[in-house]
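Peer 1:
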Amino acid sequence: MVTMTADETAWLRLHLTPGLGRIGLIHLMKAYGCPRAALAAGPAGWSGLAGFRSGKVQTPPAENSPPVTQARESLSRTGARIVSLLDREAYPPLLREIHDPPALLYVRGNLPCGEALAVVGARRASTAGRRLTAEISRELASRDITIVSGLARGIDTAAHQGALDGEGTTVGVLGCGIDRIYPPENRRLFLEVLERGAILSEFPPGTPPLARHFPGRNRIISGMCRGVLVVEAAEGSGSLITADFALEQGRDVFAVPGPVYSPTGGGVNRLLKEGANLVTGAADILDALWPHLPSPALRQRQDTFAAALAGDALTLYGLIGDTPLHPDELARKSALTPMEVSSILLHLELQGGIEQLPGMRFVRSRKP
Numbered sequence: 157m158v159t160m161t162a163d164e165t166a167w168l169r170l171h172l173t174p175g176l177g178r179i180g181l182i183h184l185m186k187a188y189g190c191p192r193a194a195l196a197a198g199p200a201g202w203s204g205l206a207g208f209r210s211g212k213v214q215t216p217p218a219e220n221s222p223p224v225t226q227a228r229e230s231l232s233r234t235g236a237r238i239v240s241l242l243d244r245e246a247y248p249p250l251l252r253e254i255h256d257p258p259a260l261l262y263v264r265g266n267l268p269c270g271e272a273l274a275v276v277g278a279r280r281a282s283t284a285g286r287r288l289t290a291e292i293s294r295e296l297a298s299r300d301i302t303i304v305s306g307l308a309r310g311i312d313t314a315a316h317q318g319a320l321d322g323e324g325t326t327v328g329v330l331g332c333g334i335d336r337i338y339p340p341e342n343r344r345l346f347l348e349v350l351e352r353g354a355i356l357s358e359f360p361p362g363t364p365p366l367a368r369h370f371p372g373r374n375r376i377i378s379g380m381c382r383g384v385l386v387v388e389a390a391e392g393s394g395s396l397i398t399a400d401f402a403l404e405q406g407r408d409v410f411a412v413p414g415p416v417y418s419p420t421g422g423g424v425n426r427l428l429k430e431g432a433n434l435v436t437g438a439a440d441i442l443d444a445l446w447p448h449l450p451s452p453a454l455r456q457r458q459d460t461f462a463a464a465l466a467g468d469a470l471t472l473y474g475l476i477g478d479t480p481l482h483p484d485e486l487a488r489k490s491a492l493t494p495m496e497v498s499s500i501l502l503h504l505e506l507q508g509g510i511e512q513l514p515g516m517r518f519v520r521s522r523k524p
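Numbering (this note's numbering), first residue to last: 157 to 524.
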């Protein structure tokens, strides 16, 4: 059981206010900066805000009202927390940039803060489609790229499972309340995702998985990520809606080509005709989005090399990455003298830990 903070309770009351909605809630965030201040002002105070439509907004439910009490108990029982758009530390940074971000997120588990790729596709996926999805997700997850999907049947399930098999992190975005497991047969996967990542929803606890909720869910899936991979999708499917959101949000879209006569091939093949990146394996995505990301074997080699260093050599090696740096920059960042930096760089290069590029710039060695 987790005790909710006063701010979380206040956010919950605002979210459950009839007629307020996401846009109204964001207006209150901008105007008051604090949920308790917004509650204190009430609908009478809100009516004077620029752009705020207060005609249908009712009085927020009381803290001890049944809807609030039930939602609080559900959040406490599941260990979920509320993350608001105002939370600069916890709110996913890429999601904040889209034009219609969720005002609130209900979150269980630990939200990863690194690179992420969305993977979506058909619920009635083929064996080959599920296998390729799992392989790609496993490879990317092993390189510390978080896999984000919707915990649905088919491709979503394969994406999450592949990420778990790759010992990586994965995030499930729900089209229902954070206290619901949907579809029910994914209960075990749901719990495994929680152990190694997070599950989130913009819907209050108790919200059922209604069809109209899923398009909004899809904008979150794409909004959290650098790109979206679509594997098997029929024309008019939710996966294509996710791809459309991705394009609106300035994300890269990737698609696996499908058989011409397959019901789930039409959507992905159309995406490819319209300019999506063709994918037959994880390398296609890595080359497009993360060309300098080291493989697990190379990362292990770099870690082993670093473990053998000490003192100034370790400090300098820690500053060198995939972005080429000049010795003058390294001297400034490390507080070492240019002569000391030059000597250490020569030593690291002779050991095979770094490489010198044209223009006297250094990067970590990428040799196997």
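Heads up, the beta-carbon is just placed ideally off N, CA and C, and yes, glycines get one too. These figures come from a predicted structure and were not determined experimentally.
Decide if the region 459-471 is in contact with the region 404-418; the criterion is three or more beta carbon pairs, one per stretch, under 8 Å apart.
Peer 2: The answer is no - the region 404-418 does not touch the region 459-471, with fewer than three Cβ pairs under 8 Å.
Peer 1: Taking A227 as the reference, which of T173, N266, G180 has the closest Cα?
Peer 2: Of T173, N266, G180, the residue nearest in Cα terms is T173.
Peer 1: Could you give the distance in angstroms between the alpha-carbon of A162 and the alpha-carbon of S221?
Peer 2: About 16 Å.
Peer 1: Where does R375 fall in DSSP's three states?
Peer 2: R375 falls in the helix class under three-state DSSP.
Peer 1: Along the chain, where does the beta strand (DSSP E) that runs through R280 open and close?
Peer 2: Taken as a continuous stretch (DSSP letters only), R280 belongs to no beta strand (DSSP E), as it is neither H nor E.
Peer 1: What does the alpha-carbon distance come out to for the pair A301 and E391?
Peer 2: The identity of residue 301 in the sequence shown is Ile, whereas the question assumes Ala. In a straight line, the C-alpha of I301 is about 29 Å away from that of E391.
Peer 1: Relative to the alpha-carbon of L168, which residue among S210, A236, G204 has its alpha-carbon at the smallest distance?
Peer 2: Cα-wise, what sits closest to L168 is A236.
Peer 1: Which residue's Cα is closest to the Cα of W202: L176, E219, V224?
Peer 2: Cα-wise, what sits closest to W202 is L176.
Peer 1: Tell me whether the region 491-501 and the region 436-447 touch, counting them as touching only if at least three CB pairs, one residue from each stretch, are closer than 8 Å.
Peer 2: Result no; under three Cβ-Cβ pairs closer than 8 Å.
Peer 1: Just curious, the alpha helix (DSSP H) that Q532 is in, first and last residue?
Peer 2: Because the chain here runs from 157 to 524, residue 532 falls outside it and cannot be looked at.
Peer 1: Do L267 and A354 have their C-beta atoms closer together than 8 Å?
Peer 2: A contact, by the Cβ cut-off of 8 Å.
Peer 1: Between which residues of its own chain and I397 is the CB-CB distance below 7 Å, once the five residues before and five after are set aside?
Peer 2: Excluding sequence neighbours, I397 sits near P371, N374.
Peer 1: Taking 7 Å as the cut-off, is the C-beta of I500 nearer than that to any heavy atom in the ligand PLP?
Peer 2: Because no ligand of any kind appears in the structure shown, any question about the ligand PLP cannot be addressed here.
Peer 1: Tell me the rounded alpha-carbon separation between M185 and R252.
Peer 2: Rounded to whole angstroms, M185 to R252 spans 14 Å at the Cα level.
Peer 1: Is the Cβ-Cβ distance between L330 and Y338 less than 8 Å?
Peer 2: In this structure, Y338 lies closer than 8 Å to L330 by Cβ.
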